[in-house]
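Take the sequence shown: its letters are residues 426 to 533, numbered as in my numbering. All C-beta atoms, glycine included, are put in the ideal place defined by N, C-alpha and C. Let me begin by presenting the structure, written as structure tokens, before commenting on it.
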Amino acid sequence: MKKSYCPIDTFINVVKGKRKGTIILHLFQGNKRYGELVKLLPDISERMTTKQLKELEADGLIIRTVFPEVPPKVEYSLTDLGKEIQPYLKGMYRGGILFEKSLENSEF
């Protein structure tokens, strides 16, 4: 995570990326295993999912827990910081719906 000139830019820079916001929203519903997240994000590759998860972990929004089992079990959950941004992401979600409705109304 890198501080920007404006706090809005800092927030957007952390959550922007291929489905990062969607990953966080899914984790609000509870911990998820890697395979579950892959199924919830069918429009992006597993490689991109892994990249986004690593970035979210590096930014302190999610925790990756590896269980000592064979085969290995990996589970993702939100950190306290990740949980704290929920109302802001919900606001962005509502804003997205507003923009989508605007697009639908402007199409001929």
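Once DSSP output is grouped into helix, strand and coil, what is the label at Thr504? coil
Close beta carbons around Ile510, own chain, < 6 Å, minus the five adjacent residues each side: none
Determine which residues share a DSSP beta bridge with Phe492 and list them. Lys498
Check the C-beta distance from Ile522 over to Leu503 and give it rounded, since I have them as a contact under 8 Å. Rounded, the Cβ-Cβ distance is 23 Å, inconsistent with contact.
With a CB to CB cut of under 7 Å and the five nearest residues on each side skipped, what residues in its chain are close to Gly380? The chain is shown from 426 up to 533; residue 380 falls before or after that span and cannot be answered.
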